[in-house]
Structure formats: C-alpha cells, structure tokens
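**Q** Heads up: the sequence shown begins at 5 in this note's numbering, then just goes up one per residue. Note that the Cβ used here is the ideal one computed from N, Cα and C, for glycine as well.
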Amino acid sequence: MKYTAPHFHLHYIPQYRLLIKSDFLEDTMMIVDEKQEVVAFYNYPSESPDSAALKLLGLPFADVSVSLPLESFTLVPSEVYSRHHMLHYQAFQDSKGMLQEYAVPSLGITALYQYDRLLYKRWTAIFPQAKLFADFQVILTLVQQQALGNTPVLGLHVKNKKVEIYVFQESELQLYNDFDVETAVDLQYFILNVRNSLGVTKPFEKVFISGVHTAHPFVDVARNYGSELIFLQGTSALYAEDTAVQAKVASLHIIAERPLCVS
C-alpha cells in the first residue's frame, strides 16, 4: 500500500515523526504530523523497497522510531541480574544477534533479547539517530495500566507470522514468549500449550490482543479463550483521512506509543 495525503509537504519533514515497523517479510512506514494525522503510509517487501519508499528513507527526519522483531527473549529476576555475567547470558543467545537488555522495575525483571544483526545495521545506517525498540516494551507498560485482577490474563501481540504470547497472574508476569504462527490452528495449539504448561484450566478472565484489526481471524481464536476480549490501546490518537489507511493504522498503534512507554 502507498498513500500520501494531499497536504503532505517536504518542508515539514523536520516536524514530522517517522514510525517504522520492520521485520523479515515487510516494512511499514508511517509519517505522522503534529496533529497525529498519518500523512504518508508505505508498506513494501523488506528486501525490495521501491523508488518512492527509498526517496522517503532518504529524507532528513529528526524523530524516527523503529520497531524490530523480538529474538532470543529471556526474562531474568532483576535482583539476581548482573551485567558482569553477560557472557553467561550470551551463551544462551544466538551469536549472530545484537544482545540488548531492558529493565522493567515495576515487574522486578530484566529482559534480555536480541535484534537481528542485519536489520539492526540496516536501520542504524539509514537513521543513526533512530530509537530502536521491541514491541514488548510498550505492551508490558500498557497491560500494567489495566485492572488485571487475581485470575490469569492472556495477551496476544501479532506481528506478521509471529505472535507474542504473554500471561499475567495476580499482576505478575508468568510468561512472555514469541511463536511462529501462520494459521488460526497454529495459534490455538500454542495457546493450549501455554495453558497446560501454566496449569490454567478455566477460561482467562481477560484476553488482550494487539497488532491486528477487528476482522482478523486470530480475533475469533482469542475470543474463545477468555471471558472478555480487549483490544490493547494506548493514548496515541493516530488517524488518517483515507479509510483504507485508517484500517491499517488501527492495528499499528503500538509503534506510536513508544515515546510514551519506553524510556
């Protein structure tokens, strides 16, 4: 998809925000003005951007955020985590990735994860000033703003052929992991595995879902596993005048939340 609003102007580039969702299949770029309107939207195969996308990537944006895929994700209790033991943690990671750490003080955990080296180098070469992040950083913040209660809560975040599945119980994070998911049957399989591994026998009180529009087939799957289905929303108010673009934007709000949720 390619969309440029009639009132998009190159001389406003320094005031625009560039939001990018990147993975191994496709890249999505949204250019957002000061009123939170999406004034340009481009979606293209990650390995073959067309000339129009390349032109946008060459513009001097000052505010750039890039969401990268989550890889080799590990949670460590912060009370026992130490950077001095980084070599020990790296032994459990893919040697080809870029090891990252992210502390979540409210949950008492430190997340260790990786960015794919090629994706990392591509985006830092194009935009050295870009703020790179993984979606879990935003999701954990948004979920904790909800009333979680004492019963298990399930969360699903969809990114193309990956689904990040997480479970909270008594406001504590019990699990966060990503799975290769192509079909609704795949998703059902992994949800059942998660339920069994955590000993959950009753329906989840709430199921949070993000990264998809309301008509996505995964929404029906999610609805079957909880008493209440909630589309995880933040405070960003992105909108587009074009209805087709607006439908896309509705499932991409997570990347717009980064400045509010990620330090």
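Considering only residues of the same chain and omitting the five flanking positions on each side of Tyr124, which have a CB-CB separation below 6 Å?
**A** Taking the first residue of the sequence shown as 1, we reach residue 124 at position 120. Met102.
**Q** Here's the rule: buried if 16 or more other CB atoms are within 10 angstroms of the residue's CB, otherwise exposed. What is Pro81?
**A** Counting from one through the sequence shown, the residue named residue 81 turns up at place 77. Pro81 is exposed by the Cβ-count criterion.
**Q** Using a Cβ-Cβ cutoff of less than 8 Å, which residues in the same chain neighbour Gln133 once the five nearest sequence positions on both sides are dropped?
**A** For this step, residue 133 is matched to residue 129 along the sequence shown. Once the five neighbours on either side are set aside, the close Cβ partners of Gln133 are Ala66 and Val68.
**Q** In the DSSP assignment, what residue or residues form a beta bridge with Leu136?
**A** One-based indexing of the sequence shown puts residue 136 at position 132. Per DSSP, Val70.
**Q** Return the CA-CA distance between Thr32 and Leu60, expressed in angstroms with no decimal places.
**A** The count along the sequence shown starts at 1 and reaches residue 32 at position 28. The count along the sequence shown starts at 1 and reaches residue 60 at position 56. The alpha-carbon atoms of Thr32 and Leu60 are separated by roughly 12 Å.
**Q** Is the stretch 209–218 in contact with the stretch 159–170, if contact means three or more CB pairs nearer than 8 Å?
**A** In short, these stretches touch, since the Cβ pair count reaches three.
**Q** According to DSSP, is Thr205 helix, strand or coil?
**A** As a working mapping, residue 205 is identified with position 201 in the sequence shown. Correct three-state label for Thr205: coil.
**Q** Assuming contact is defined by CB atoms lying nearer than 7 Å, are Ile258 and Asp184 in contact in what I supplied?
**A** The residue labelled residue 258 in the question sits at position 254 within the sequence shown. The residue labelled residue 184 in the question sits at position 180 within the sequence shown. No; because the gap between Cβ atoms is not below 7 Å, this pair is not in contact.
**Q** Apart from the five residues on each side of it in sequence, which residues of its chain come closer than 7 Å, Cβ to Cβ, to Ser267?
**A** What you label residue 267 is simply residue 263 of the sequence shown in a count that begins at 1. For Ser267, the predicted model reports a pLDDT of 49, less than 50, meaning its position is unreliable; a value from the coordinates is still stated below. Hits under 7 Å: none found.
**Q** So which of Ser175, Phe131, Gly153 and Val84 has the shortest CA-CA distance to Leu111?
**A** In the sequence shown, counting from the first residue as 1, residue 111 sits at position 107. Of Ser175, Phe131, Gly153 and Val84, the residue nearest in Cα terms is Ser175.
**Q** Over what stretch of residues does the beta strand (DSSP E) that includes Lys166 continue unbroken?
**A** As a first step, residue 166 is located in the sequence shown; it is residue number 162 there, counting from the start. Start and end: Lys166 to Gln173.
**Q** How should Trp127 be labelled, buried or exposed, when 16 other C-beta atoms within 10 angstroms of its C-beta is the threshold for buried?
**A** Start at 1 with the first residue of the sequence shown, and residue 127 comes out as number 123. With 16 or more Cβ atoms within 10 Å of its Cβ, Trp127 is classed as buried.
**Q** Keeping to the same chain, check which residues put their C-beta closer than 7 Å to that of Pro221; ignore five residues upstream and five downstream.
**A** Numbered from 1 along the sequence shown, position 217 holds the residue referred to as residue 221. Excluding residues within five positions, the ones whose Cβ falls inside 7 Å are Ala188.
**Q** Indicate the three-state DSSP secondary structure (helix, strand or coil) for Ala9 in the structure shown.
**A** In the sequence shown, counting from the first residue as 1, residue 9 sits at position 5. If DSSP states are grouped into helix, strand and coil, Ala9 belongs with coil.
**Q** Within the stretch 213–260, note down every full beta strand (DSSP E) run reaching 3 residues or more, in order along the chain.
**A** Counting only runs of 3 or more, we get 230–235.
**Q** Among the residues of its own chain, which have a CB less than 6 Å from the CB of Asn154, if the five just before and after it don't count?
**A** Reading the sequence shown from its first residue, position 150 is the one you call residue 154. Closer than 6 Å at Cβ, skipping near neighbours: Glu174.
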